[in-house]
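Chains as they are written, first to last, in the UniProt record's numbering: chain A, 1 to 716; chain B, 1 to 719.
Heads up, the thing below is written out as structure tokens.
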Amino acid sequence: MELSLARVDYLQVGVTAQKTMRLLPASGRKATQKVVVGDQDGVITCFGIKKGEAVPVFKTLPGQKIARLELGGALNTPQEKIFVATGSEVRGFTKRGKQFLSFETNLTESIKAMHISGADLFLCASYIYNHYCDCKDQHYYLSGDKINDVLCLPVHKVNCITPVLACQDRVLRVLQGSDLLYEVEVPGPPTVLALKNGNGGDSGEEIVYGTSDGKLGLTQITGTKPIPKCEVGNDKKRGGILCIDSFDIRGDGVKELLVGRDDGMLEIYNFQSADDLVLQYDHALPESITSIQGGCVGKDGYDEILVCTYSGWLTGLTTEPVHREGGSGEELKLSQEMQSKISSLRNELQHLQMKVLQEREKYQQSSQSSTAVSSVPAFNVNDKFTLNKDDASYSLILEVQTAIDNVLVQSDVPLDLLDVDKNSAVVSFSSCDSEPNSNFLLATYRCQANTTRLELKVRSIEGQYGTLQAYITPKIQPKTCQVHQYQIKPLSLHQKTHSIDHDRPMNTLMLKGQFSFAEIHSWVVFCLPEVPEKTPAGESITFYFQNTFLGTQLESTYRKGEGCFKSDNISTISILKDVLSKEATKRKINLNISYDINEESVRHTLKLIHPKLEYQQLLAKKVHLIDALRELQVHEGNVDFLLPKYRSILEEADQLLEEYKRQPAHLERLYGMITDLFIDKFKFKGTNVKSKVPLLLETLDGCDQDGLIAFFDAAA
Amino acid sequence: MLVPVFTLKLSHKILPRMVALGRYDGTHPCLAAATQAGKVFIHNPHARGQRTSTNRMVQSNQDSDISLLNINQAISCLASGVLNPQLGYDCLLVGTQTNLLAYDVYNNSDLFYREVSDGANAIVLGNLGDIPSPLAIIGGNCALQGFDYEGNDLFWTVTGDNVRSLALCDFDGDGKTELLVGSDDFDIRVFKQDEIVAEMSETETVTALNPMCGSRFGYALSNGTVGVYEKTNRYWRIKSKNQAISIHAFDLNSDGVSELITGWSNGKVDARNDRTGEVIFKDNFASSIAGVVEGDYRMDGSNQLICCSVDGEIRGYLPGGEEMKGNLMDTSAEQDMIRELSQKKQNLLLELRNYEESAKAELNTKKIDGQRGMIPANTQLQTALLVNLGSDNRSAHVELCISTTNDTIIRAVLIFAEGIFEGESHVVHPSPQNLSGCIRVPLTPAKDVPVDLHIKAFVGYRNSTQFHVFELTRQLPRFSMYALSSPDSSAEPLSFVNFTMNERPQRIIMWLNQSFLLPEDVEFQSVPFQVCFTSLRNAGQLCIKIKPGGEISINTDDIDLAGDIIQSMTSFLAIEDLQVEADFPAYFEELRKVLVKVDEHHAVNQRLTADMAEHSRLIRSMLLQAEDARCQGDMKIMKTHYIELYDLNRDLINQYKIRCNNHTELLNNLKAVNQAIQRAGQLRVGRPKAQVISACRDAIRSNNFHTLFRIMRVGAAPS
């Protein structure tokens with residue numbers, strides 16, 4: 001059965017955070033459910049739908065922003081008590097809006113994630129996990145990296161409390177009491193956790209996770225070890241996952257998996273076999289989906305999926321058909337309903353416009369006075385700056401609650417700004433003055449009407465570091481702009497991994513000196529992405545990284561007074577050496593740097609790069625031939641006379657072009673990295689080979705692997 | 001929702017903008033499109049199995065519906081329509097950089113094949129003004145030419161730059177059509193026969209023009225802008241990051257008014273309301289759109305909108321019927337309306353809250369908190385435009401000075417203006433240590449056009465993360481790149497334009513104050529009156545003198561500038577006709593050299609063509625000899641012949657290269673000649689202008705250079 005869902009917009013509240021909207025269980029005879037949502041103005045809104053109109057049940061007063069909203073209640077009773085996390089406080093409300101709980105936790109940071117199961121309350125701040133039972137402190141755990149979500153396996157099924165933390169460093173941490181039971185490695189930074197089918201499956205141990213790079217997975221958390229069940233990649237390059245729910249929207253007795261992403265994609269998956277997820281349906285909304293749940297809201301008898309978006313829209317995707325067959329009278333009524341809704345909105349708008357005009361005048365007048373100050377209105381910007389593993393580029397996603405007017409992008413390091421297909425904004429590059437204003441990139445994005453979300457892609461060069469700034473101007477009066485900064489780190493293309501291959505030939509960089517553990521940690525944070533800012537617990541720490549573009553690796557181990565960095569790529573070591581010594585000099589710390597260069601590593605890295613190089617060169621050559629071959633095809637009418645080699649190019653022409661388009665400047669980047677490798681190799685030997693670079697580039701065109709290695713060896 | 005009524009997938013690529021639909025046999029509509037390798041294909045789904053294989057056309061061996069027409073040259077434009085009303089069916093016109101072919105597809109014969117030295121970048125077919133027979137009008141390098149069905153050249157004129165787009169439209173509503181010409185110099189010119197009646201300045205190369213209802217027409221620019229003009233007023237325009245490949249007028253929602261249909265380079269097709277630009281329908285193709293045409297392709301009595309993509313995908317759409325109520329998109333209009341209104345409400349509420357908070361903040365804090373972006377309420381942004389004569393390391397420029405009135409700083413300035421920056425905007429972003437309350441932006445507009453500068457300045461304090469955005473608009477006068485200088489500071493230019501007009505000198509001074517960037521307004525004292533300027537671009541001198549008796553003389557060596565000044569002045573003073581006397585000795589001398597070169601190039605071309613014919617004869621005989629030798633088994637002789645053949649081939653290639661170079665130079669020179677005629681025209685206004693242009697043409701035709709220069713000087717041929 002083809003699923004057909006119609007979109008209905010119900011209501012708009014303030015800007016919402018992740019997982020802040022839930023449906024209350026149906027009560028009494030009525031089958032429709034009430035919606036409860038908490039926004040960043042601190043307002044909890046509860047409403048039901050009557051005849052297509054949102055009818056409020058209760059609304060609280062504004063306060064601190066609401067980070068999470070969950071439902072709870074005694075086990076085995078309807079879960080209809082509302083709990084919200086604001087700041088470091090947890091509040092409880094009845095379904096009528098009466099506050100029955102105000103629990104001020106002893107957390108120093110504000111709460112980021114919350115889970116409730118009966119009398120057990122699980123709270124997470126950035127790095128801290130706390131378990132309370134009846135508001136009494138039970139257990140505590142300090143995580144190595146930021147915690148994004150928390151979940152507890154259903155107690156009645158597994159018979160013990162098993163909390164699971166989704167941590168930014170690509171692991172799920174399974175706890176027992178205050179101790180770590182084990183870690184589950186997942187393919188990306190997990191952002192959201194949910195129980196399979198809402199109950200953890202038959203065993204109660206199966207959980208679904210979503211990652212910030214758009215991957216989805218199912219894994220079973222047993223008492224001793226994890227059993228990975230399945231993993232869904234992100235081939236379509238969609239946004240990160242923000243919310244997951246299970247609901248039987250098709251009405252076939254099997255629960256589907258509902259997924260909301262930060263690019264506005266809503267997806268429905270089902271479990272084809274026990275552990276195989278298959279995409280069934282998708283729908284694009286214009287902005288991030290922060291919460292999702294299936295239920296019955298708009299009309300009795302029609303199930304729907306309710307989503308809450310970043311700017312606070314509550315939108316339903318209902319199974320109720322928009323145009324029912326026959327009964328034209330009903331349709332007329334429907335449109336009348338709409339008409340009255342529209343006219344009432346129009347009236348309201350007129351009223352508001354008058355008021356705004358008055359206020360605007362007042363504001364203008366205030367600008368005459370010499371003592372008054374004028375402040376700018378604050379607005380929320382939802383931003384995300386992440387490294388894409390596939391094409392080794394960064395994407396910057398900006399989302400504002402109202403339409404964006406323009407965005408100015410400025411950078412003090414050379415960066416390439418790439419085109420993103422789904423962007424409709426008109427980009428314009430401005431000429432840059434690197435001296436004296438150190439601008440290497442100045443570009444404006446003028447957005448089309450009603451754009452609230454903008455995605456940019458930038459490509460960085462390792463070794464060149466600085467700051468990327470985005471000045472965001474939304475279309476609100478009085479006109480204001482906000483600046484957001486993003487660090488481009490020296491080793492910007494590195495990504496953290498769980499393990500590395502220890503058999504590769506490694507170059508080593510050793511640091512010794514009078515520095516503390518916190519100091520060297522801050523230097524590493526400065527150099528490498530994805531390192532938690534907090535100094536790790538313990539005496540020493542080891543991180544593993546992988547270069548997303550070349551596949552080379554880096555191992556960094558450091559403690560107080562000593563640091564050791566190992567990489568098979570000599571350029572990585574060279575960059576680290578330069579940056580670390582510069583940082584140490586800035587703090588007037590005397591560093592003793594020693595390095596051990598492994599000649600074999602250069603050969604190894606070249607062997608790693610060369611197949612990529614060869615592939616790209618061949619691809620470029622093939623793409624170059626396509627047009628000529630096509631012309632021959634038209635001329636001769638068929639391609640039988642061509643060599644199989646050329647015939648296959650014609651057959652694959654579309655894929656080849658697609659691939660070529662997908663990785664612009666790939667070849668140039670490879671050339672650049674090989675050149676860096678060449679220079680760095682000899683830099684460690686103390687020779688400057690810059691003059692030989694043109695010769696190297698000449699060699700690179702159409703040269704085999706051995707030839708290249710020979711050139712590297714001979715150049716000394 | 002509107003869905004295609006038919007979809008075809010042709011196995012041929014289609015070149016962008018080269019699609020035409022015609023009834024080449026009088027009844028069946030066929031699609032003609034240019035494809036790779038200098039071919040035109042004709043898709044005829046109505047007459048299967050009729051094989052023709054003579055002359056130019058060959059049946060494609062891949063597809064029985066498709067016949068291919070070999071042009072053997074890169075095709076630059078394509079059109080079809082009725083050229084000879086007696087024939088009763090359409091003919092196909094194919095333009096290349098050197099030739100125009102009018103082709104009778106039905107009889108598979110040429111109507112005419114004309115050499116066009118100015119090339120054919122754009123073509124349009126139809127009746128122009130009072131000329132009785134339909135014309136095929138082609139636009140090339142600065143020239144426009146119209147041919148009737150016998151290939152007679154019935155219309156000729158010049159325009160400012162290379163023509164990129166043409167359209168016929170009843171611009172002034174007199175029942176006769178005028179010619180719209182879009183060119184590389186960003187202008188849309190309207191020709192009433194050979195007289196320019198209107199000129200609209202756009203911001204980029206005009207790549208497409210299309211008539212709509214009445215005197216309305218759509219246009220597209222190379223920077224992704226599309227829009228609609230009603231006469232000289234622009235109704236609306238939108239800009240996209242993609243390029244509009246093809247535009248077409250079609251009534252898709254059956255409301256009796258045509259919508260503007262645009263085919264985009266990213267494969268999108270959209271239909272927009274002609275009055276508001278509101279999108280009423282859109283669809284997506286997998287690849288870029290190549291062309292949008294209309295016709296009754298299904299032969300069922302109603303016209304379909306036909307969109308073609310470069311990959312050969314064709315989709316036809318029938319206009320939406322009564323039951324769709326003009327609602328062609330899949331989402332319900334009411335839902336969208338509610339959403340839009342709610343959004344508006346939310347924005348107003350937000351604004352209201354902003355004012356409330358601002359008022360609250362005012363009460364609570366008397367101290368300024370820069371971090372949160374608080375600034376004194378009476379902060380103002382001041383702008384000034386000045387001429388900066390430059391220094392050793394900076395060339396002369398116009399300077400825009402933006403400053404605040406107190407201790408606040410300007411974090412960055414964004415200037416949105418069209419035509420004077422590389423993109424549509426220019427950004428000044430000082431580094432943290434160079435922040436101040438004053439920013440100077442150098443501007444160097446390349447052309448003398450008035451420009452609106454939309455300035456957005458981010459004002460705050462050094463540590464602010466939020467800034468106030470001050471928005472204001474300044475206009476850069478048309479002749480801002482000329483600095484006032486003292487009259488006797490340098491020798492007066494030899495070239496001049498003299499004319500007389502019955503205008504009070506005060507009005508001319510008004511024009512002067514408005515068009516130039518002067519330190520202070522010039523006051524009129526007495527006749528004779530004189531002002532001098534120095535160009536910031538090349539330090540050239542410009543003098544404007546008003547003598548007793550309304551005689552005005554403009555002295556400058558730059559003929560373009562003189563033309564611009566006359567056009568600007570006459571449009572300000574609303575003068576319709578103006579005859580002038582002009583002399584530009586240096587420029588005329590250059591033109592004389594160009595004309596000599598044109599002759600030389602023609603001669604070289606002829607010689608080379610003769611050589612080529614000789615060579616190809618040689619090749620034929622040599623090939624025969626070589627093959628003979630091969631048949632006789634005499635490999636040694638065969639080898640020598642083939643080696644000779646190889647050498648000859650190399651010679652031919654070399655000669656071809658020479659011919660190519662010769663041709664490009666010829667084209668450039670011809671363009672220069674056309675431009676010269678255009679410039680001579682620009683010095684006059686109205687009727688004298690048209691007279692000068694046609695007289696110059698006659699002089700060039702009769703190869704009478706002496707007369708040509710005389711016409712350029714005094715505006716008429718000696719009688």
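Cβ atoms here follow ideal geometry from the backbone N, Cα and C, with glycine treated the same way.
Keep in mind it's a predicted model, so treat the numbers as computed, not measured.
Asked	Found
Residue burial classification, A/G326 (beta-carbon count within 10 angstroms, cutoff 16)	Residue placement at A/G326 is flagged as unreliable, the pLDDT there being 38, under the threshold of 50; a coordinate-derived value is accordingly withheld.
Continuous alpha helix (DSSP H) stretch holding A/R170: start and end	First-last for A/R170: undefined, no H or E at that position.
Contact between the segment 480-487 of chain A and the segment 565-574 of chain A (3+ Cβ pairs under 8 Å)	no
C-beta contact flag for B/L512 and B/V387 at 8 Å	no
Nearest-angstrom Cα separation, counted from A/P478 out to B/K176	51 Å
Residues bridged to A/R91 [DSSP beta-bridge criterion]	A/V84 and A/S102
Cβ-Cβ distance between B/V197 and B/S183 below 8 Å	no
Members of the UniProt domain "BBS7 helical hairpin" (599-712) of chain A near chain B, C-beta cut-off 8 Å	D627, R630, E631, V634, H635, G637 and N638
A/S424, DSSP secondary structure in three states	coil
Beta strand (DSSP E) segments (min. 3 residues) lying fully within the segment 503-549 of chain A	507-513 and 540-547
Segment limits, beta strand (DSSP E) that includes A/D412	Where A/D412 is concerned, there is no enclosing beta strand (DSSP E), given that its DSSP letter is neither H nor E.
CB of A/L257 within 8 Å of CB of A/I244, strictly	yes
is_contact[B/S240, chain A] using C-beta, thresh 8 Å	yes
Local conformation of A/Y615 per DSSP, three classes	helix
Anticipated Cβ contact below 8 Å, B/L221 with B/I261, distance rounded	Wrong, their Cβ atoms sit about 17 Å apart, outside the cutoff.
Residues bridged to B/F499 (per DSSP)	B/I552
Per DSSP, the bridge partner or partners of B/D187	B/S201
Cβ separation of B/E313 and B/F285, assumed to be a contact under 8 Å, to the nearest whole Å	6 Å
Minimum Cβ-Cβ distance from B/F186 to chain A less than 8 Å	no
Opposing strand residues paired with B/W236 [DSSP bridges]	B/V228
Segment contact, 8 Å Cβ cut-off, at least three pairs: the segment 73-86 of chain B with the segment 124-140 of chain B	yes
Beta-carbon proximity of A/S411 to A/F440, cut-off 8 Å	yes
DSSP-derived helix/strand/coil call for A/R22	strand
DSSP three-state assignment for A/G326, whether helix, strand or coil	The predicted model places A/G326 with a pLDDT of 38, which falls under 50 and marks its position as unreliable; any figure quoted below should be read in that light. A/G326: coil per DSSP, three-state reduction.
Span of the beta strand (DSSP E) around B/K636	Taken as a continuous stretch (DSSP letters only), B/K636 belongs to no beta strand (DSSP E), being part of the alpha helix (DSSP H) at M635 to Q682.
Cβ separation of A/F684 and A/I589, assumed to be a contact under 8 Å, to the nearest whole Å	So it is not a contact: roughly 23 Å between Cβ atoms.
Cα-Cα separation between A/L349 and A/E53, rounded to whole angstroms	18 Å
Where B/M337 sits in the DSSP three-state scheme	helix
Beta carbon proximity, B/N354 to chain A, threshold 8 Å	yes
Boundaries (first-last residue) of the alpha helix (DSSP H) holding A/H666	H666 to K685
Residue interval of the alpha helix (DSSP H) (run including A/Y471)	Counting along the chain, A/Y471 falls outside any alpha helix (DSSP H), though it belongs to the beta strand (DSSP E) covering G466 to P474.
Interfacial residues, the segment 41-62 of chain A to chain B, with Cβ spacing under 9 Å	none
Residues that DSSP places opposite residue 721 of chain A in a beta bridge	The structure shown does not extend to residue 721 of chain A, since chain A is modelled only from 1 to 716, so the question has no answer here.
Buried versus exposed, by CB contacts within 10 Å (16 or more), A/D676	buried
Rounded distance between the beta-carbons of A/I292 and A/V400, thought under 8 Å	The pair is not a contact, with the Cβ atoms about 22 Å apart (cut-off 8 Å).
B/R189 classed as buried or exposed, judged by whether at least 16 other C-beta atoms fall within 10 angstroms	buried
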